[in-house]
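J.: Here you go, one structure.
Protein chains: 2
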Amino acid sequence: MEKFEPDMRLTRNAHLIANLGLCQLRLVDDSRWAWLTLVPQRPDISEVFELTPLDQTMLTFETNLVASALKGVTRCTKINVAAIGNIVRQLHVHVVARNEGDANWPNPIWGHGDAHPYTEEARKRLVETLMKALHA
Amino acid sequence: MEKFEPDMRLTRNAHLIANLGLCQLRLVDDSRWAWLTLVPQRPDISEVFELTPLDQTMLTFETNLVASALKGVTRCTKINVAAIGNIVRQLHVHVVARNEGDANWPNPIWGHGDAHPYTEEARKRLVETLMKALHA
Numbered sequence: 001m002e003k004f005e006p007d008m009r010l011t012r013n014a015h016l017i018a019n020l021g022l023c024q025l026r027l028v029d030d031s032r033w034a035w036l037t038l039v040p041q042r043p044d045i046s047e048v049f050e051l052t053p054l055d056q057t058m059l060t061f062e063t064n065l066v067a068s069a070l071k072g073v074t075r076c077t078k079i080n081v082a083a084i085g086n087i088v089r090q091l092h093v094h095v096v097a098r099n100e101g102d103a104n105w106p107n108p109i110w111g112h113g114d115a116h117p118y119t120e121e122a123r124k125r126l127v128e129t130l131m132k133a134l135h136a
Numbered sequence: 001m002e003k004f005e006p007d008m009r010l011t012r013n014a015h016l017i018a019n020l021g022l023c024q025l026r027l028v029d030d031s032r033w034a035w036l037t038l039v040p041q042r043p044d045i046s047e048v049f050e051l052t053p054l055d056q057t058m059l060t061f062e063t064n065l066v067a068s069a070l071k072g073v074t075r076c077t078k079i080n081v082a083a084i085g086n087i088v089r090q091l092h093v094h095v096v097a098r099n100e101g102d103a104n105w106p107n108p109i110w111g112h113g114d115a116h117p118y119t120e121e122a123r124k125r126l127v128e129t130l131m132k133a134l135h136a
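Sequences listed follow chains Z and A, in order. Here the first sequence stands for residues 1 to 136, where the numbers follow the UniProt record's numbering. Here the second sequence stands for residues 1 to 136, where the numbers follow the UniProt record's numbering.
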């Protein structure tokens, strides 16, 4: 079995903020939305159904844990969850906090415009709040 | 507990093709992509994490069963799976077969252009093939 290595395009603009049981949890450096990605640490997987049944269940558990924490922290209107991967094929799940009137609302965020990076302070504050919510 | 009733906007342009254990399985009447929706038959739920843990696991199982069958039938490049719901809040999961060069590739399909309805014959053929794959 090959070793898991995250695709560079999933790490370049996304800060690793936690290592869950199965997934790396990353914050995408785009302050237009609170946007997290979960990257299952398994090599050569591009579709959720290619994971083992146990890993599928773990992914569901971790995704919903993160989604629920993100909703609690941001008090957003709606959480968007998606595994798309048309460009980066390595399996990754997006969890995004959406609000009425945000960039591209009510349409999806993927492929829309250019990222607005966080200030270091704003990013650290969001990560800290999120980590507290995840450990609650 | 209230009774489950699917939102009219999830039924109007989407044919019911099967009743899985938890979800209604529907084919969206848009031939630009093979596009299915799973609607968990639970009232008053808009986020996956609001389902019970058992229902979350069932939803994962049914979603991946459908995604795997859709991939097998269409031999598409990539399956896109998403729970968005910015417009229709009743929980529903999209499972879409994407191919390089399809309408709006590699961006998401939601909110893009106008539907191209199937001919009745093309729709029946797709549903039949899908149902065979689901029962295999």
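Just so you know, even glycine gets a beta-carbon here, dropped at the ideal spot from N, CA and C.
(1) Answer with buried or exposed for Z/Glu128, where buried requires no fewer than 16 other C-beta atoms within 10 angstroms of its C-beta.
(2) Note down, in chain order, all residues in the region 93–113 of chain Z with a beta-carbon under 7 Å from any beta-carbon belonging to chain A.
(3) Beta-carbon separation of Z/Thr63 and Z/Val93 under 8 Å?
(4) Please give the ranges of any beta strand (DSSP E) in the UniProt domain "HIT" (38–105) of chain Z, keeping only runs that are unbroken, at least 3 residues long and fully inside the region.
(5) Quick check on Z/His15: does DSSP put it in helix, strand or coil?
(6) When DSSP builds the beta bridges, which residues end up paired with Z/Arg26?
(7) Can you give me the C-alpha to C-alpha distance between A/Pro106 and Z/Asn86, rounded to a whole angstrom?
(8) Would you say Z/Gln90 reaches chain A, if we count a Cβ-Cβ gap shorter than 8 Å as a contact?
(9) Alpha carbon to alpha carbon, how far is A/Met8 from Z/Gly113?
(10) Determine, using beta carbons only, whether A/Asn13 comes closer than 8 Å to chain Z.
(11) CA-CA distance, A/Arg26 and A/Arg42?
(12) Can you say whether Z/Asp44 is buried or exposed, counting buried as having 16 or more other CB atoms within 10 angstroms of its CB?
(13) Just verifying my parser: in three-state terms, what is the DSSP assignment at Z/His135?
T.: Well, looking at it:
(1) exposed
(2) Answer set for the region 93–113 of chain Z: Arg98, Trp105, Pro106, Asn107, Pro108, Trp110 and Gly111.
(3) Yes, Cβ-Cβ distance for Z/Thr63 and Z/Val93 is below 8 Å.
(4) 78–83 and 93–98
(5) Residue state, collapsed to three classes: strand.
(6) Z/Leu16 and Z/Thr37
(7) Cα-Cα distance, rounded: 6 Å.
(8) no
(9) 32 Å
(10) no
(11) 16 Å
(12) exposed
(13) helix
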